[in-house]
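Visitor:
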Amino acid sequence: MVPGAWPLLGHLHLFDTVNPTHVTFGAMADVYGPVFMAKLGSIKVMIINSKEVAKEIYTVHDKLLERPELTASKLLGYNDSFLTFSPYGLYWREIRKIAVSELFSTSGVDMHMVSRAREADLAFRALYVTWEKRGKPKEGVLVDMKQEFIDLTANISLMMVAGKRYFGENPNCEVKEARRCGKLIREFLDYFALFLLSDVAPVLGFLDWKTKRGMKRTAKGLDKVAEGWIEEHKNKRSDHGRSENDYLDILIKILGQDKIPGLSDTHTKIKALCLNLVLAGSETAIVVLVWAVSLLLNNPHVLRKAQEELDSKIGKERVVEELDIKDLVYLQAIVKETFRLYPPVPLVAYRAVVEDFDIAFCKCHVPAGTQLMVSAWKIHRDPNVWSNPEQFEPERFLTSNRELDVGGQSYKFLPFGLGRRSCPAIPLGMRMVHYLLARFLHSFDLARPSSQDVDMTESNGLVNHKATPLEVNIIPRLHKSLYEVDHIGTDN
Ligand code: HEM
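Heads up, the sequence shown is in the numbering used here, so the first residue is 338 and it goes up one at a time.
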């Protein structure tokens, strides 16, 4: 246990609103070593900052670890019914199986290729129109790309889950409904980004009363939205000839008939899973896109190489398609390097220890009741493992670390986590971030609004958002006709 714990608060006094939790833990690792135990309120937390210990945790002790209880998961996740937060057991196993085989398989990912393309068309056309309306300035037009990516990824996730788009121009429902639902979805995403005292120091949980009240209100509103989606889908199912292909259709088909033995209240579970997938699908992709563009703006030589690759592989006569990703080797290295420096979930393997165990590598005892976190953020910046760990060098993934893959069994690179609770949606996540980044860089030249570097301050929360907006001057770099929305049919 690191020294300096206060009564009641433990080491909470070391945390502030300026430095995110993973950064504070990182600084503590520099003092107390790669594995240390701290106390947050009444809870003992073990932080793992070493790839060797991470390996042991994932390969030997994974079975003794559970998801910890989180207030947001209780209040907004139908009492831990999200796949992401549900405890091990029949429900988690069955749903994970469905997710891997039906939703995130190659054919599941391909199924929504057209709707992702259409969302990108709409978003980038809107940016083009903004530039045009401001008189096509040579120096570009200033936009907040963080907000643009938030709207774009939320629309893509909503389309895949429920066939809805609420953000930006042309929502596919009444404008009033789009505003109401969009506001609820935004609140929902924001609440999940918060670190609550109730989760780390239950004794101080009463201080969260206002947030908890807000969460309950949002949960109630979202429940109505999800009910509406289900109703709409059930009615449409009887429409002759409608292709059933969004996640909600698939979940209604598989779960709606109560065919899975032992699974109860499937109606609620379907609502929970839909909201879970909207959350998981948009939050992570936003983070990767925002950090990747920020890093590129601060490293213009890398940005130039990425655009040269796009021009040589795609040309300027058409837009990028998802099928092009395999040829964009340098872009793939940029994405990996972004994952390394800014892993979307900086503290992966957030777990509660259910039974005592010993970690052989560091000869330490871990008592039941401890919470455990593996710091992907710190391992990804370990100077014993990575050369120039603080530098943005995509080339490392084309040379010394060429073989390193996100889904592989490398304990030094774990942006999607590892073990049985690792991300089941790697194929979808990878497809989305590569495609959207490639489309954006191919469609626009980018410049910082001033000579200052982009602010790289990180924020607190389960997901590692950039704390400030991402202001960029964008200038279209393709012919006007390539910003038209091509009505290329529907997904099938
Ligand atoms: C770049 C994108 C993504 C990254 C970096 C990412 C990363 C992660 C990480 C680190 C975990 C937790 C692993 C752990 O606890 O050890 C996770 C879990 C999960 N992710 Fe992702 N994710 C991404 C995209 C997605 C998408 C697009 C979806 C679905 C639409 C998704 C759905 C899930 C689910 C359902 C879980 C929980 C799995 C379980 O508990 O069994 N993720 N993800």
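Note that the Cβ used here is the ideal one computed from N, Cα and C, for glycine as well.
#1: Distance, Cα to Cα, D719 vs S747?
#2: Return yes when at least one heavy atom of the ligand HEM lies under 7 Å from the C-beta of M847, else no.
#3: What are the boundary residues of the alpha helix (DSSP H) that includes I623?
#4: Can you determine whether any heavy atom of the ligand HEM sits closer than 7 Å to the C-beta of P405, and answer yes or no?
#5: Whose CA, out of M552, S442, L633 and I623, lies closest to the CA of A491?
#6: Give a single yes or no on whether Y687 has its beta carbon closer than 7 Å to a heavy atom of the ligand HEM.
#7: Return the chain-ordered ranges of every alpha helix (DSSP H) run that is complete within the stretch 655-706 and spans a minimum of 4 residues.
#8: Answer with buried or exposed for F504, where buried requires no fewer than 16 other C-beta atoms within 10 angstroms of its C-beta.
#9: With respect to 7 Å, is the separation between the Cβ of S712 and the closest non-hydrogen atom of the ligand HEM below this value?
#10: Ends of the beta strand (DSSP E) at F373?
#11: Looking only at its chain, what residues have a beta carbon closer than 6 Å to the beta carbon of V711, apart from the 5 residues adjacent to it on each side?
#12: N386 by DSSP, collapsed to three states: which one?
#13: Cα-Cα, which of D602, E730, W714 and L614 is closest to N636?
#14: Out of F753, Q789 and I696, which one is the CA nearest neighbour of H398?
#15: For D693, I'd like the list of residues in its chain whose CB is within less than 6 Å of its CB, leaving aside the five on either flank, ordered along the chain.
#16: Exposed or buried, G341, counting other C-beta atoms within 10 Å across all chains shown (16 or more means buried)?
#17: What three-state label does DSSP hand W566 in the structure shown?
#18: Strictly by DSSP, which residues pair up with S712?
#19: Can you give me the Cβ contacts of H577 inside the same chain, cut-off strictly under 8 Å, excluding the 5 residues immediately before and after it?
#20: So what's I597 in DSSP terms, helix, strand or just coil?
#21: For a test of the three-state rule: what should DSSP assign to I651, helix, strand or coil?
#22: Answer yes or no: the CB of T675 versus the heavy atoms of the ligand HEM, is any distance below 7 Å?
#23: With distances taken between CB atoms, is the gap from W714 to P680 smaller than 8 Å?
#24: Measure from the alpha carbon of S601 to the alpha carbon of each residue in F753, A460 and S418, then state which is nearest.
#25: Just curious, the alpha helix (DSSP H) that D458 is in, first and last residue?
#26: Measuring only the C-alpha atoms, how far is V360 from D353?
#27: How should M496 be labelled, buried or exposed, when 16 other C-beta atoms within 10 angstroms of its C-beta is the threshold for buried?
#28: What whole-angstrom Cβ distance do L668 and H802 have, given they're in contact under 8 Å?
#29: Check the C-beta distance from P813 over to Y584 and give it rounded, since I have them as a contact under 8 Å.
#30: If the criterion is Cβ atoms closer than 8 Å, does the pair L735 and V672 meet it?
#31: Work out the CA separation of R739 and T707 for me, nearest whole Å.
#32: For I825, count the other beta carbons within 10 Å of its own beta carbon; 16 or more makes it buried, fewer makes it exposed. Which is it?
#33: Exposed or buried, which one is R768 when buried takes at least 16 other CB atoms within 10 Å?
#34: Looking at V625: is its Cβ nearer than 8 Å to the Cβ of F676?
#35: Taking 8 Å as the threshold (C-beta atoms), are Q594 and L778 in contact?
#36: Does the Cβ of P761 lie closer than 7 Å to at least one heavy atom of the ligand HEM?
Guide: Taking the definition as stated:
#1: Position 382 of the sequence shown, counted from the first residue, corresponds to residue 719. Position 410 of the sequence shown, counted from the first residue, corresponds to residue 747. Going from the Cα of D719 to the Cα of S747 covers about 14 Å.
#2: The chain is shown from 338 up to 829; residue 847 falls before or after that span and cannot be answered.
#3: Residue 623 sits at position 286 when you count from the first residue of the sequence shown. Looking at the DSSP string, the run of the alpha helix (DSSP H) that includes I623 is T603 to N635.
#4: The sequence position of residue 405 within the sequence shown is 68, counting from 1. Checking every heavy atom of the ligand HEM against the Cβ of P405, none is found closer than 7 Å.
#5: Numbered from 1 along the sequence shown, position 154 holds the residue referred to as residue 491. Measuring from the Cα of A491, the nearest candidate turns out to be I623.
#6: Taking the sequence shown and counting its residues from 1, the one referred to as residue 687 is at position 350. Checking the Cβ of Y687 against the ligand HEM gives yes.
#7: List check, alpha helix (DSSP H) in window: 666-678.
#8: Stepping through the sequence shown from its first residue, residue 504 is reached at position 167. It is buried - the Cβ of F504 has at least 16 other Cβ atoms within 10 Å.
#9: The residue labelled residue 712 in the question sits at position 375 within the sequence shown. No, Cβ of S712 sits at least 7 Å from all heavy atoms of the ligand HEM.
#10: Taking the first residue of the sequence shown as position 1, residue 373 is located at position 36. Counting along the chain, the beta strand (DSSP E) containing F373 begins and ends at V372 to L377.
#11: Counting from 1 along the sequence shown, the entry for residue 711 is found at position 374. Around V711: I385, A391, V685 and A686.
#12: Stepping through the sequence shown from its first residue, residue 386 is reached at position 49. The answer is coil: DSSP assigns N386 none of H, G, I, E or B.
#13: Counted from its first residue, the sequence shown places residue 636 at position 299. Checked all of D602, E730, W714 and L614; the closest Cα to N636 is E730.
#14: As a position in the sequence shown, residue 398 is number 61, starting the count at 1. The shortest C-alpha separation from H398 is found at I696.
#15: Your numbering for residue 693 matches position 356 in the sequence shown. So the list reads P704 and A705, once near-sequence residues are dropped.
#16: Looking up residue 341 in the sequence shown gives position 4. Flag for G341 reads exposed.
#17: In the sequence shown, residue 566 corresponds to position 229, counting from 1. The answer is helix: DSSP assigns W566 an H, G or I state.
#18: The count along the sequence shown starts at 1 and reaches residue 712 at position 375. Beta-bridge pairing links S712 to L684.
#19: Here residue 577 is taken as the residue at index 240 of the sequence shown, counted from 1. With a pLDDT of 48 at H577, under the threshold of 50, the modelled position of this residue cannot be trusted; read the value that follows with caution. Correct list: empty, nothing qualifies.
#20: What you label residue 597 is simply residue 260 of the sequence shown in a count that begins at 1. Of the three classes helix, strand and coil, the one that applies to I597 here is coil, per DSSP.
#21: Position 314 of the sequence shown, counted from the first residue, corresponds to residue 651. DSSP places I651 in coil when its eight states are reduced to three.
#22: Counting from one through the sequence shown, the residue named residue 675 turns up at place 338. No, the Cβ of T675 stays beyond 7 Å of every heavy atom of the ligand HEM.
#23: Taking the first residue of the sequence shown as 1, we reach residue 714 at position 377. Taking the first residue of the sequence shown as 1, we reach residue 680 at position 343. Yes, they are a contact pair.
#24: Counting from 1 along the sequence shown, the entry for residue 601 is found at position 264. The residue among F753, A460 and S418 with its C-alpha nearest the C-alpha of S601 is S418.
#25: For the purposes of this step, residue 458 is identified with residue 121 of the sequence shown, where counting begins at 1. Counting along the chain, the alpha helix (DSSP H) containing D458 begins and ends at M450 to K470.
#26: Position 23 of the sequence shown, counting from 1, holds the residue named residue 360. Position 16 of the sequence shown, counting from 1, holds the residue named residue 353. Spanning the two alpha carbons is a distance of roughly 11 Å.
#27: Locating residue 496 in the sequence shown gives position 159, counting from the first residue. Sixteen is the threshold: when 16 or more other Cβ atoms of the shown chains lie within 10 Å of the Cβ of M496, as they do, the residue is buried.
#28: By one-based count along the sequence shown, residue 668 stands at place 331. By one-based count along the sequence shown, residue 802 stands at place 465. So it is not a contact: roughly 22 Å between Cβ atoms.
#29: Your numbering for residue 813 matches position 476 in the sequence shown. Your numbering for residue 584 matches position 247 in the sequence shown. No, P813 and Y584 are not in contact; Cβ-Cβ is about 33 Å, not under 8 Å.
#30: Residue mapping note: residue 735 aligns to position 398 of the sequence shown, counting from 1. Residue mapping note: residue 672 aligns to position 335 of the sequence shown, counting from 1. No.
#31: Here residue 707 is taken as the residue at index 370 of the sequence shown, counted from 1. Here residue 739 is taken as the residue at index 402 of the sequence shown, counted from 1. If you take the alpha carbons of T707 and R739, they lie about 37 Å apart.
#32: Start at 1 with the first residue of the sequence shown, and residue 825 comes out as number 488. Interpretation of I825 is limited by its pLDDT of 43, a score under 50 that renders its predicted location unreliable; no figure is taken from the coordinates.
#33: Within the sequence shown, residue 768 is the residue found at index 431, counting from 1. By the neighbour-count criterion, in which a residue is buried when 16 or more other Cβ atoms sit within 10 angstroms of its Cβ, R768 is buried.
#34: Residue 625 sits at position 288 when you count from the first residue of the sequence shown. Residue 676 sits at position 339 when you count from the first residue of the sequence shown. Yes, the pair counts as a contact, with Cβ atoms nearer than the cut-off.
#35: The count along the sequence shown starts at 1 and reaches residue 778 at position 441. The count along the sequence shown starts at 1 and reaches residue 594 at position 257. No, these two residues do not count as a Cβ contact at 8 Å.
#36: For the purposes of this step, residue 761 is taken as residue 424 along the sequence shown, with counting starting at 1. Result yes, Cβ under 7 Å from the ligand HEM.
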